[in-house]
Amino acid sequence: MTVDSDPSLVPVSVVTGDPSAVLPEGPVVTLPDPLLPLIPPPSLSPLITPSVASLNDDVVYAGNTVEERNDLLIELIEIQASLSLESNPWLLRGDFNEITHPEEHSSPAASQISCPMIEFNTCLNQLEVCDLRYHGEKFTWSNKQPDIPIAKKLDRALINEHWLNTYPRSLAKFLAPEFSDHTPCCIELDCPTPLAGSKPFKFFNYLTLHPDFLTLVEEAWTCTENENHSLSLLSVKQKELKRVLKQLNKDNFSDIQKRVLEANSLFTDAHVLSLRQPTSDHFATEKELHEKLLFLKKVEEEYYKQLSRINWLKCGDSNTSYFHKVAKARKAFNAIIILISTTGIEATSPQDIGNLAVAHFLSILGPPTPQTTPVMIDSVAGMIRTNRFSCSPEQAQVSLGCLPLKT
């Protein structure tokens with residue numbers, strides 16, 4: 076379906092897997108906000124004009140049986156192919172009546188991956204969609220039976236890569252259920268991301284590939300040498316090393332994607348020139364540019380591996396679109412924009428988010444100063460009075476005591 080910038084015109088397609096199915100009363104409700112216009116995405120999508128913003132929004136209501144859900148999955152694949160949704164922003168949301176992993180089931184007995192889960196995940200991979208980042212409760216449905224309480228994540232908002240490119244700051248909010256056993260889902264197209272200030276230093280593994288890496292590290296570490304071996308000296312060394320590594324990354328690997336494209340263009344031109352004029356100089360230039368291109372591609376591969384945190388990818392997967400999709404999806408999904416305290420208060424600013432995180436871990440790790448008891452104090456005082464656990468002042472006795480420890 077197409078959504079125009081006028082919020083009063085919001086047609087929605089409801090996919091059930093059965094064209095003749097009659098939906099029960101009130102299973103799916105789609106309500107646009109009449110007070111807020113649809114925010115044009117910040118990217119330069121070909122679908123965006125100065126007055127109209129377009130997107131595809133399908134609402135799913137899956138059946139209770141495996142057969143009905145399989146029909147739904149087949150229909151979703153057909154809809155994607157017929158409407159060319161793989162090349163347009165696509166939002167797929169609703170009740171899928173299936174989970175993707177046992178962790179999305181509240182019962183400890185549901186610890187095995189079932190065949191319906193595998194089929195559901197296979198369909199999502201074929202559609203190339205993933206969960207839109209969200210906040211709210213983990214489970215979206217409950218059976219409301221006190222005797223056998225069960226909760227699952229049956230409702231989800233799925234997006235494709237083009238949606239993520241067009242609406243990078245979109246967010247799904249799963250709110251508290253009122254009259255339904257499902258949680259309502261609110262989609263925000265432009266959720267502001269809090270400014271976190273300067274980014275912390277991150278060591279990229281590809282820096283070790285640079286031929287001057289070890290030399291620069293050694294020089295940065297030894298240039299601050301002195302006789303003081305305190306922790307302050309260690310801090311000075313680390314700061315100097317961080318400065319050197321940041322400069323190394325900036326001078327040689329910044330905007331690595333652009334560097335790879337430029338190196339590939341230079342290599343292509345050199346290759347054509349060497350075929351047109353096969354001289355020693357042209358062959359040498361082509362070889363040099365080819366080695367540089369391979370090196371930069373290796374750096375780009377290491378960058379995306381570390382960014383997407385997928386360490387099991389083989390070399391055959393390097394520099395493919397899969398790297399970009401996984402890295403982009405993880406970065407968007409893992410962004411922290413809201414934290415909710417135990418009292419239900421939302422923290423949205425970087426300062427409030429930081430304070431809430433610190434308070435949470437303080438409650439886990441305990442108070443800053445450990446509690447002492449009179450028994451503990453008396454025990455330590457007794458050890459001090461009797462000189463227990465104190466070393467002998469004689470060096471010979473210390474040496475004799477250490478000799479049996481040698482192997």
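Taking my numbering, the leading residue of the sequence shown gets 76, the next gets one more, and so forth. The beta-carbon is built from N, C-alpha and C at its ideal position, and this holds for glycine as well. Remember, predicted model here, so these are calculated numbers, not experimental data.
Under the three-state reduction of DSSP output, A295 falls in the helix class. R244 sits in coil when the DSSP states are folded into three classes, being neither helix nor strand.
Residue state for C205 is assigned as strand, using DSSP reduced to three classes.
Bounds of the alpha helix (DSSP H) holding I152 are V141 to L158. With 16 or more other CB atoms across the displayed protein chains lying within 10 angstroms of its CB, L320 is buried.
Measuring C-alpha to C-alpha distances from L246 to each of L207, K274 and K333 identifies L207 as the nearest. A Cβ-Cβ separation of about 6 Å places I331 in contact with V374 under the 8 Å criterion. Scanning its chain for C-beta atoms nearer than 7 Å, with the 5 sequence neighbours on each side dropped, one finds around N324 the residues F279 and L282, in chain order.
A434: member of the alpha helix (DSSP H) spanning P425 to L440, first to last residue. P243 has its alpha-carbon roughly 26 Å from the corresponding atom of N430.
By the beta-carbon neighbour count (other beta carbons within 10 angstroms, threshold 16), T215 is buried. Judged by beta-carbon spacing, L364 lies within the 8 Å limit of L341, meaning their Cβ atoms are closer than that value.
Along the stretch 300-362, the alpha helix (DSSP H) occurs as fully enclosed runs of 4 or more residues at 306-328 and 331-351, listed in sequence order. Beta-bridge pairing by DSSP links F249 to G211 and C260. Residue burial annotation: C198 is buried, with at least 16 other C-beta atoms found within 10 angstroms of its C-beta.
When the five nearest sequence neighbours on each side are left out, the beta carbons in the same chain lying within less than 6 Å of the beta carbon of C205 are those of A404, in order along the chain.
For the pair I225 and S189, the CB atoms are not nearer than the 8 Å cut-off.
In the assembly as shown, V134 is a buried residue. Its beta-carbon has 16 or more other beta-carbons within 10 Å. Per DSSP, the beta bridge partners of G169 are V135 and R231. In this structure, D230 is the residue among I193, T299, K380 and D230 with its C-alpha nearest to the C-alpha of D170. Relative to the Cα of E203, the nearest Cα in the group Q187, Q155 and A184 belongs to Q155. Contact annotation: T258 and L250 have beta-carbon atoms nearer than 8 Å.
W216 has K227 and H257 as its beta-bridge partners, per DSSP.
When the five nearest sequence neighbours on each side are left out, no beta carbon in the same chain lies closer than 6 Å to the beta carbon of L336. In this structure, K228 keeps its C-beta atom at 8 Å or more from the C-beta atom of K248. Of the residues L350, L371 and F358, the one whose Cα lies closest to the Cα of F328 is L371. Under the three-state reduction of DSSP, A410 is assigned to coil, being neither helix nor strand. DSSP, reduced to helix, strand and coil, places H365 within a helical segment of the structure shown.
With a threshold of 16 other beta carbon atoms within 10 Å, I152 falls short and is exposed. Looking at the DSSP output, H285 sits in no beta bridge, so it has no partner there.
DSSP, reduced to helix, strand and coil, places I415 within a strand of the structure shown.
As a beta-bridge residue in DSSP terms, E421 pairs with I415.
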